[in-house]
Amino acid sequence: MQTTDYTEHKLLLQWLIGIGVLIFALIIAWQQNLLGILLDGDRSRLSIIILLAFLVINFHVMSRVITLSRERNITSKVHQLMAEIDNISLIVRKQTVKCCGETIPESLVTRHLRNLAGRLSVNQAGQETGDVQAHLLSALDKRIRGGQKYGWMFADLMIKLGLMGTIIGFVLMLGSVASLQNYDVTTMQDLLHNMSGGMRVALFTTLSGLIAGLILGVQYQFLERHADDLLAEIEELSEVYALPVLLNKNNSE
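The sequence shown maps to residues 78 to 330 in the working numbering.
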């Protein structure tokens, strides 16, 4: 007898741990006035834009985490039911899917089982069941990853915003040199002050963009890994358990 070792809401709990560590780091940075130094030193205010965009995109990450966590819970429940029972009963209808007497909530796995049963029932051309399964899994893979397909674009956008801040900082720094007319001590002090301000803009915005892009990249990589696990579990339960039951049902009919 095979059992699954998936912990309920594992994906959501792991993400919350990571967010907790991130919030703790932000609190420490705030207490040490690091955030104040960052925001005060950035005259372009691009760091604030990067921070706000980072927070908004994290809500998208949270929605994807909740969705994938729910899908994984349902899939693991179906997998557990099929693995624990020798004589699997699978009833697939247009509106409901019942596995071993239990109605499965509407989800990606029920949609896949419904599509698989439909394709097998109309497979009049003698198409190999492996080809049918492969086509359906390819479509399922696109549905699973569709919600986070823009994630890497968001992460790259943060880095590019930081690099744009680098350009703005150098423009401010060189602008102070271009306006230089006198070469007395006071003017040179003002020049160095303005140049250091432009350099702070360049460094702080680049730092903000890199950190935000790195954190978002890690989160979306985390989502990709769990999307792979979800697809693999749906493929396993459909190949090992559901497909033989559906084929026997079609042959008996």
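Positions of the beta carbon are idealized from the N, C-alpha and C atoms, including for glycine. Since we're looking at a predicted model, the values are computed, not measured.
Length of the line joining the Cα atoms of residue i and residue j
i, j, result
"Gly97", "Met272", "38 Å"
"Ile221", "Glu310", "13 Å"
"Cys377", "Val169", "Look at the range of the chain in this structure, 78 to 330, and you will see that residue 377 is not part of it."
"Phe281", "Ala102", "18 Å"
"Ser215", "Ser124", "40 Å"
"His212", "Leu99", "40 Å"
"Ala106", "Ile143", "28 Å"
Supposed close pair residue i, residue j - CB separation, criterion 8 Å
i, j, result
"Gln210", "Leu193", "7 Å"
"Gly195", "Ser121", "Between Ser121 and Gly195 the Cβ distance is about 56 Å, and since that is not below 8 Å, they are no contact."
"Leu128", "Ser285", "7 Å"
"Thr180", "Gly239", "Actually they do not touch by this definition, with Cβ atoms about 50 Å apart."
"Leu320", "Val155", "Leu320 to Val155, Cβ: 14 Å. No contact."
"Leu217", "His189", "5 Å"
"Phe131", "Ala289", "4 Å"
"Val322", "Leu167", "5 Å"
Limits of the unbroken beta strand (DSSP E) element including residue i
i, result
"Ile168", "Leu167 to Val169"
Residues near residue i in its chain [Cβ-Cβ closer than 6 Å; skip 5 each side]
i, result
"Ala304", "Ile221 and Arg222"
"Gly275", "Gly246, Leu249 and Met250"
"Val138", "Gln296"
"Pro182", "Ile151"
"Gly224", "Arg141"
"Leu158", "Cys176 and Cys177"
"Val174", "Ile181, Thr187 and Leu190"
Range of the contiguous alpha helix (DSSP H) that encloses residue i
i, result
"Lys226", "Note, Lys226: premise wrong, no alpha helix (DSSP H); not H, not E."
"Val98", "Lys87 to Gln108"
"Val174", "No alpha helix (DSSP H) holds Val174; the beta strand (DSSP E) holding it covers Val174 to Cys176."
"Val133", "Leu123 to Glu161"
"Ser198", "Leu185 to Ser198"
"Ile114", "Leu111 to Gly118"
Reference residue i, options the options, closest by Cα
i, options, result
"Leu291", "Asn110, Trp229, Val174 and Arg277", "Trp229"
"Ile236", "Asn110, Leu287 and Thr187", "Leu287"
"Arg302", "Ser146, Ala106, Gln108 and Leu116", "Ser146"
"Ala160", "Gln109, Asn325, Leu324 and Val317", "Val317"
"Leu308", "Gln172, Ile126, Asn325 and Lys219", "Lys219"
"Leu324", "Leu197, Arg277 and Ile104", "Leu197"
"Val278", "Lys87, Gln172 and Asp119", "Asp119"
Own chain partners of residue i with C-beta closer than 7 Å, once the 5 adjacent residues on each side are dropped
i, result
"Phe231", "Ile134 and Leu293"
Same chain, Cβ closer than 8 Å to residue i, neighbours up to 5 away in sequence not counted
i, result
"Phe299", "Gln91, Trp92 and Gly95"
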